[in-house]
Amino acid sequence: MTTDLEIGLYIFILAGFLGYHIISRVPPLLHTPLMSATNAMSGISLVGSLLVAGSGHSLLSTLFGFVAVACSSTNVVGGFLITDRMLKMFRKAPVEGAVVKSQSRLRRIGRLALPIPFALLAGLILWLAQLRSSGRFDPRQALSFFYIVSAVLFILGLKGLSSPKWARRGMFLAEFGMLMAIVGTLFHPEIVTYGWIIGGLAIGTIVGGSLGYWVPMTAVPQRTALSHSLGALAATLIGISEYIRHQNGIGMVLMTALGAEVAIGGLTFTGSLMAAGKLQGLLPGSPITYRGQNQSNITLLAVMVGSLLYLIIQPSASGLFYLVVALALLFGFLLVIPIGAADMPVVISLLNSYAGMADAAMGFVLMNKIQIITGSLDGTSGFLLSLLMCKAMNRSAVNVLFGAFGKIEAEPEGSEAMSAKGTVRSIMHEEVPVLLDGARSVIIVPGYGMAVAQAQHGVSELASILMKRGINVKYAIHPVAGRMPGHMNVLLAEANVPYDQLYDMDQINPYFGEADVAIIVGANDVTNPAAKYNKSSPLYGMPVLEVERAKSVIVLKRSMRPGFAGVDNDLYYNPKCVMLFGDAKESLTKLFSAFKS
Ligand code: NAP
Numbered sequence: 142m143t144t145d146l147e148i149g150l151y152i153f154i155l156a157g158f159l160g161y162h163i164i165s166r167v168p169p170l171l172h173t174p175l176m177s178a179t180n181a182m183s184g185i186s187l188v189g190s191l192l193v194a195g196s197g198h199s200l201l202s203t204l205f206g207f208v209a210v211a212c213s214s215t216n217v218v219g220g221f222l223i224t225d226r227m228l229k230m231f232r233k234a235p236v237e238g239a240v241v242k243s244q245s246r247l248r249r250i251g252r253l254a255l256p257i258p259f260a261l262l263a264g265l266i267l268w269l270a271q272l273r274s275s276g277r278f279d280p281r282q283a284l285s286f287f288y289i290v291s292a293v294l295f296i297l298g299l300k301g302l303s304s305p306k307w308a309r310r311g312m313f314l315a316e317f318g319m320l321m322a323i324v325g326t327l328f329h330p331e332i333v334t335y336g337w338i339i340g341g342l343a344i345g346t347i348v349g350g351s352l353g354y355w356v357p358m359t360a361v362p363q364r365t366a367l368s369h370s371l372g373a374l375a376a377t378l379i380g381i382s383e384y385i386r387h388q389n390g391i392g393m394v395l396m397t398a399l400g401a402e403v404a405i406g407g408l409t410f411t412g413s414l415m416a417a418g419k420l421q422g423l424l425p426g427s428p429i430t431y432r433g434q435n436q437s438n439i440t441l442l443a444v445m446v447g448s449l450l451y452l453i454i455q456p457s458a459s460g461l462f463y464l465v466v467a468l469a470l471l472f473g474f475l476l477v478i479p480i481g482a483a484d485m486p487v488v489i490s491l492l493n494s495y496a497g498m499a500d501a502a503m504g505f506v507l508m509n510k511i512q513i514i515t516g517s518l519d520g521t522s523g524f525l526l527s528l529l530m531c532k533a534m535n536r537s538a539v540n541v542l543f544g545a546f547g548k549i550e551a552e553p554e555g556s557e558a559m560s561a562k563g564t565v566r567s568i569m570h571e572e573v574p575v576l577l578d579g580a581r582s583v584i585i586v587p588g589y590g591m592a593v594a595q596a597q598h599g600v601s602e603l604a605s606i607l608m609k610r611g612i613n614v615k616y617a618i619h620p621v622a623g624r625m626p627g628h629m630n631v632l633l634a635e636a637n638v639p640y641d642q643l644y645d646m647d648q649i650n651p652y653f654g655e656a657d658v659a660i661i662v663g664a665n666d667v668t669n670p671a672a673k674y675n676k677s678s679p680l681y682g683m684p685v686l687e688v689e690r691a692k693s694v695i696v697l698k699r700s701m702r703p704g705f706a707g708v709d710n711d712l713y714y715n716p717k718c719v720m721l722f723g724d725a726k727e728s729l730t731k732l733f734s735a736f737k738s
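According to the numbering used here, the sequence shown holds residues 142 to 738 in order.
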């Protein structure tokens, strides 16, 4: 006879494989929306939170449930809103009239069909309400079908992210799946009181709505980190509340799931808060290190795991349970302080994966299959993105977590090593149009500095000016340019750059040889040729954009300061390269006047 636990484990493993299969097909262009979409889906922890907040077991569990409802609904509302905001920006270059016509006809049909799913949902809800009031049939059975449909819709939603063409439609399906699961759960017979649920949902909707609508695209990394911390807090609180509820009758299996839920949830909560603080500049971005740091962290982890194992054998040792929660909170904090702000994207992705695991563990505790599925999908997505980023930087996950990268001392300006490389030539704004005169092909390379300067609109305007002059313009997107996977794609989409003008590294590198000018806007490490030949460089082995093959190179940045890796860029000493010093946005504004005059 197959037990619920076995079924849960099968579901967890299969969802992980399916997630890997679907998510590995999401193009780098859509990696940032993928992060926020899985983040929104992991808000399915709301389903379990609703049960705890509404079942009225004790005041403490109701309060914990209320906070968990507020946190999870913040993630659902905020996550889906910001994903939609991003996806709306991705568009192709204008197409011929016939295609536009057929597209608008499709859109009209889509709009007409829109009420159908909502009418179906309303019918199902009425049916559930009737089942609940008649008492003849357990609505839980009907609800499990709701969850199956929701899970299918989530998977289709993720599948949609394999192309910008289908991404919004896919997300609509996922949103609808979420709505079905939430509304269906409200009819669960265990829910006896709705006051706290309504309060939590109202807070979550307001906070999530504000985060989803008003957070600028440049602040997406810290918003993502913040929402992981909220999801993890929800899982931890539900874990504590369930431990208190079942304290006298906890078996080893339930204790394993509860232990995993609070341990992973706790460390993800504090770790993600630290990551958000570092990215927002509220905490120092540089790695904070001290002697014996890795050893003390590993000892702490060992004590936590040891306590957890003992707790599984002896679930009634409540003191140990709270010790595990406290150690997990401390471990999350200590794990992130030695990591530099620039490495935070990898950390965020890993924490995304942990948040998914905490969510899945909560699914095992409550034996809620949809949470097991979404937790597994979220976990796979975060893990896969972290691996992709590490691969693109030619670094291992261990180096990111324990390497304190970003603490490297930069060579001081004018140092001997620098002057040995040659001279750096700078250029004035009014000289740029002359340099571009006669150019037929230009490649624009955006980087982290474009995000800092919020210069994406200026970059898009520059491209329009060049295209009006008959110049062919392409954008070169390095997989780890900026501070998030797909960071540059989202910013350029915000500035109305059609995604078919964006070329990823492997596509664009062969074109550099034919380009007349490469214009680099705030990118540094991703253009450093030393990555190809200098074995002592921390960048050695990282695949880079081969900008030096263009006939000439213009670099827009403020100074000779290095980028994330803390090393000087050999490109700047290349006789083909000229520096246009200044804030990227200001430089572009000055350039426009220079073009006009
Ligand atoms: P970068 O190497 O960090 O360089 C950014 C450059 O932008 C800096 O040299 C800076 O020079 C310039 N800058 C900053 N503010 C500016 C402004 N207002 N106007 C003009 N320029 C400005 O950036 P990148 O080339 O995009 O490379 C990304 C780095 O981040 C890589 O090393 C990558 O491995 C790492 N990373 C990325 C991810 C990811 O997912 N994308 C994840 C982890 C790590 P000035 O100060 O002189 O202006």
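Beta carbons are placed, not taken as given, at the ideal position from N, Cα and C, and that holds for glycine.
Under 7 Å from any heavy atom of ligand 1, does the C-beta of residue i make it?
i: P486; result: yes
i: D645; result: no
i: S700; result: yes
i: A706; result: yes
i: M625; result: yes
i: Y681; result: no
i: A622; result: yes
i: V667; result: yes
i: G590; result: yes
i: M534; result: yes
i: H598; result: no
i: V688; result: no
i: V593; result: yes
i: S663; result: Ser is not the amino acid found at residue 663; the sequence shown has Gly there. Checking every heavy atom of ligand 1 against the Cβ of G663, one is found closer than 7 Å.
i: L697; result: yes
Please state the DSSP three-state secondary structure of residue i.
i: K698; result: strand
i: M720; result: strand
i: S214; result: helix
i: A156; result: helix
i: L643; result: strand
i: S693; result: strand
i: Y616; result: strand
i: I332; result: coil
i: R310; result: helix
i: I584; result: strand
i: I338; result: helix
i: R281; result: helix
i: A592; result: helix
i: I549; result: For I549, the predicted structure reports a pLDDT of 47, less than 50, and the residue's modelled location is therefore unreliable. A value from the coordinates is still provided. Three-state result, I549: coil.
i: R364; result: helix
i: I661; result: strand
i: S567; result: strand
i: N389; result: helix
i: I344; result: helix
i: S728; result: helix
i: K673; result: helix
i: I257; result: helix
i: F462; result: helix
i: I480; result: coil
i: S537; result: coil
Keeping to the same chain, check which residues put their C-beta closer than 6 Å to that of residue i; ignore five residues upstream and five downstream.
i: E687; result: N650 and F653
i: N613; result: S582
i: G412; result: G473, L476, V477 and L492
Between which residues of its own chain and residue i is the CB-CB distance below 7 Å, once the five residues before and five after are set aside?
i: I429; result: I478 and P479
i: R310; result: G301
i: N535; result: G682 and M683
i: T365; result: M176, S177, N180 and I489
Grab me the residues of residue i's own chain with a C-beta within less than 8 Å of its C-beta, minus the 5 sequence neighbours each way, in chain order.
i: V444; result: L468
i: I266; result: V324, G325 and F328
i: A551; result: Low confidence applies here, because A551 scores a pLDDT of 49, under 50, leaving its location unreliable and the question unanswered by this model.
i: I549; result: Residue placement at I549 is poorly supported in this model, since its pLDDT is 47, which falls under 50; the coordinates still yield a value, given next. So the list reads P679, A706, G707 and V708, once near-sequence residues are dropped.
Determine whether the Cβ of residue i lies closer than 8 Å to any Cβ atom of chain D.
i: L200; result: The structure shown has no chain D; it contains just one protein chain.
- Contact between the stretch 373-387 and the stretch 421-438 (3+ Cβ pairs under 8 Å): Contact annotation: the stretch 373-387 does not touch the stretch 421-438, with fewer than three C-beta pairs closer than 8 Å.
- Query: Do the stretch 455-470 and the stretch 401-409 make contact, defined as three or more Cβ pairs closer than 8 Å?
  - Reply: These segments touch.
- Three-pair Cβ contact test at 8 Å for the stretch 327-341 versus the stretch 206-218: They touch, by the three-pair rule.
- Counting Cβ pairs, one atom from each stretch, are 3 or more of them under 8 Å apart for the stretch 624-634 and the stretch 168-183? In the pairwise beta carbon analysis, the stretch 624-634 is classified as touching the stretch 168-183: at least three pairs are separated by under 8 Å.
- the stretch 513-528 / the stretch 393-400 touching (three or more Cβ pairs under 8 Å): Result no; under three Cβ-Cβ pairs closer than 8 Å.
- Counting pairs of Cβ atoms below 8 Å between the stretch 183-191 and the stretch 510-523, do you hit three or more? Touching, yes.
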